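Presented below is the structure to which this report refers.
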Amino acid sequence: MIYQGVYRRMPSLWCRLHSTYVKKMRYLSELKEDDVFCKQAQNSGTFYLFHNLSPFLQKVGSKYLAPQISVAEIKMALGRFKENEKIIEDSVLIGCSDECMAYFALDLGSLEKSAIESEFKGSFTELRKAFFQLDGRDAPLLSSAQALLRWHDTHQYCSKTGQPIKKNLAGSKRVCHTNGIIYYPQMSPAVITLVSDGSRCLLARQASFPKGMYSALAGFCDVGETLEETVRREVAEEVGLEVESLWYSASQHWPFLNSSLMIAYHARVQPQQTKININKLELEAASWFSLEEVVEALRRGAKSLKQENGNFSFYVPPKWAIAHQLIQEWVKQQQSVPV
Ligand SMILES: NC(=O)C1=CN([C@@H]2O[C@H](COP(=O)(O)OP(=O)(O)OC[C@H]3O[C@@H](n4cnc5c(N)ncnc54)[C@H](OP(=O)(O)O)[C@@H]3O)[C@@H](O)[C@H]2O)C=CC1
Ligand SMILES: [Mg+2]
1 MIYQGVYRRM PSLWCRLHST YVKKMRYLSE LKEDDVFCKQ AQNSGTFYLF HNLSPFLQKV
61 GSKYLAPQIS VAEIKMALGR FKENEKIIED SVLIGCSDEC MAYFALDLGS LEKSAIESEF
121 KGSFTELRKA FFQLDGRDAP LLSSAQALLR WHDTHQYCSK TGQPIKKNLA GSKRVCHTNG
181 IIYYPQMSPA VITLVSDGSR CLLARQASFP KGMYSALAGF CDVGETLEET VRREVAEEVG
241 LEVESLWYSA SQHWPFLNSS LMIAYHARVQ PQQTKININK LELEAASWFS LEEVVEALRR
301 GAKSLKQENG NFSFYVPPKW AIAHQLIQEW VKQQQSVPV
C-alpha cells in the first residue's frame, strides 16, 4: 500500500493533488487497512442505524429518508439505555462524504426497538418495504450496509477451527487469530438477461412475484462458470431456448433475498427458434411481449389492473431494479431501428 498514511500526514497536499473521487476511495481504503485510523473516524463519523437488519427511517410524505446520526447523539442515547459504548465498534464502514467524513452502519438489535425509535423519531422499517421509496443515494448505501451487517452476523466462527473470528474495525474482513485465516464478505453473482427475438422480448414471472409483475430471466452463477455460460444455461433451463448472441449492459447490488451482485445482459435468440418451453419448477409463466405492450407496461408503472377475466395486466419491475433498465434499453433500441 504505497499511499498508506499519506492522507493523514499531508491532508492539504493530498486534497490539491487528487480529484474528490480518488481522495474518497484512498481514504476509505486506508480506513479498511488501519484500525486506529478507523477508530478516529468512528469518533467523528455519522451512523445509519439498523435493528435486526431493518434500517432506521423517517417517512416524509410518500418517501423514506435515512437519517445520519452523529456519534455524539448515539453515545448520549447509549448512556440513557445503560448500554456500553463499545457497541459502536460493531459498526461497519459503508462510505464517506466528499469531505471525507466516514459513514458507518450500526445494528442496535440488542436494544429495545421502540425506545430507539422514540429517541430518534423514526422507525425501523423492512428494507423490502422501503426500498423503492428511498432516494437515489440512500437505496444503494442501505442495501450494501445491510448485506455487510448480515454477513458479519452470520459469520462469527472460523469454519476450520470453530473459534470465534474477529472483525476489523471497518468491517471489511474477519480474522481467525488461531490460524490467521482471513474471511472476506461474500457475494453471490447472478445474471439477469433480457431475451429478444429481434422484435419481441421475453418476460417471465416466478410464483413468488407480486401479482401481474413480469421480469427478465435471472439465475445464480454456478462455480466455475463464466457469466456468458450462466446466461446461456439459465435461458436454456428456464425457457428452453438457445442464446445466439449476448452483450453486457450493467450491474447492480441487489439486497433481496440475501444480497447478490446482479450482472445484466441482453441476449438474442434466432427469430425462427422462439417456442418457449417453460420450466415449471422455476417459473410460473413466460411470454413474448411486443414493443407496444412493453411501452404500455412501462407507462402504467407498478399498478396491476385486474381485468374482467380475473387476470392481471402485466407490469415490469420498478425503475431502480436493473431489470427495468434492461427493458428501457430494449425499448430505446427497438424505437431506434428504422422500419
Ligand atoms: N434486480 C432485479 O431487477 C432482479 C433481481 N432478481 C434477483 O436475481 C436473483 C436470482 O434469481 P432467481 O431466479 O431466484 O435465481 P435462480 O434461477 O438461480 O433460482 C433460484 C434458486 O437457485 C438456487 N441457488 C443457487 N445458488 C444460489 C445462491 N447463491 N443464493 C440463493 N439461491 C441459490 C436456490 O435453489 P435451492 O434453494 O433449491 O437450492 C434458489 O431457490 C434473486 O436474488 C432475485 O431476487 C430477479 C429478477 C429481477
Ligand atoms: Mg431464475
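Residue numbers (UniProt numbering): 1 to 339. Ideal Cβ positions, reconstructed from N, Cα and C, are used throughout, including at glycine. These figures come from a predicted structure and were not determined experimentally.
Taking the alpha carbon of residue i as the point to measure from, which residue in the options has its own alpha carbon closest?
i	options	result
Q68	L57, L78 and S62	L57
E228	I88, A207 and I192	I192
W151	L134, K173 and W288	K173
A286	L203, P140 and S123	L203
G61	R233, D135 and V223	D135
L283	E238, H266 and P318	E238
H324	K211, A264 and W288	A264
P140	I94, N279 and Q333	I94
S159	L281, S144, N168 and C176	C176
Q133	L65, Y157 and Q186	L65
L149	L108, I116, R137 and Y157	L108
H253	S143, F289 and Y184	S143
K167	R137, E83 and V92	V92
T274	E296, V337 and A236	A236
Compute every distance between the C-beta of residue i and the non-hydrogen atoms of ligand 1, then say whether any falls below 7 Å.
i	result
E282	yes
E234	yes
A66	no
S144	no
M25	no
Q186	no
F256	yes
Q328	no
S249	no
M213	no
A323	yes
A190	yes
P317	yes
Q252	yes
Which residues bound the alpha helix (DSSP H) around residue i?
i	result
A321	Run containing A321: none; DSSP gives neither H nor E here.
V36	D35 to Q42
F120	K113 to F120
I74	V71 to R80
K129	L127 to A130
A297	L291 to R300
Could you tell me how far apart the beta carbons of residue i and residue j are, in whole angstroms, since I believe they sit closer than 8 Å?
i	j	result
C201	W320	Not quite, the Cβ-Cβ distance comes to about 20 Å (not below 8 Å), so this is no contact.
S188	F220	6 Å
N179	T161	6 Å
A147	S259	4 Å
L298	I327	7 Å
R205	E244	The Cβ separation is near 24 Å, so there is no contact.
Y315	G171	At roughly 38 Å, the Cβ-Cβ gap does not stay under 8 Å, so Y315 and G171 are not in contact.
A77	E119	5 Å
Y48	A130	Contact flag wrong, Cβ pair sits at about 13 Å.
L169	C96	The pair is not a contact, with the Cβ atoms about 15 Å apart (cut-off 8 Å).
Q42	F104	6 Å
A216	L194	4 Å
Mapping the DSSP letters down to three states, classify residue i as helix, strand or coil.
i	result
Q335	helix
L144	It is Ser, not Leu, that sits at residue 144 in the sequence shown. Note: S144 maps to helix in three-state DSSP.
M25	helix
C94	The sequence as given places Ile at residue 94; Cys does not occur at that position. I94: strand per DSSP, three-state reduction.
M1	Any reading at M1 must be qualified, since the residue scores a pLDDT of 43, below 50, and its modelled position is unreliable; no value is offered.
V223	coil
I165	coil
L283	coil
residue 340	Look at the range of the chain in this structure, 1 to 339, and you will see that residue 340 is not part of it.
Q252	strand
R150	helix
I327	helix
N311	coil
A66	coil
V175	strand
L241	coil
residue 344	The first residue shown for the chain is 1 and the last is 339, placing residue 344 beyond what the model contains.
L31	helix
A216	coil
Less than 7 Å between the CB of residue i and some heavy atom of ligand 2, yes or no?
i	result
E225	no
E238	yes
A216	no
G61	no
So is residue i in contact with chain C if we call contact Cβ pairs under 8 Å?
i	result
V60	The chain inventory of the structure shown lacks chain C, comprising one protein chain alone.
Specify, as a first and last residue, the run of the beta strand (DSSP E) that residue i falls within.
i	result
L194	S188 to S196
V60	S54 to V60
A105	A102 to D107
L202	R200 to R205
F47	T46 to H51
K160	No beta strand (DSSP E) contains K160, which DSSP labels as neither H nor E.
R268	S260 to R268
Can residue i be considered in contact with ligand 4, in the sense that its beta carbon sits closer than 7 Å to one or more heavy atoms?
i	result
G219	Ligand 4 is absent from the structure shown, which contains only ligand 1 and ligand 2.
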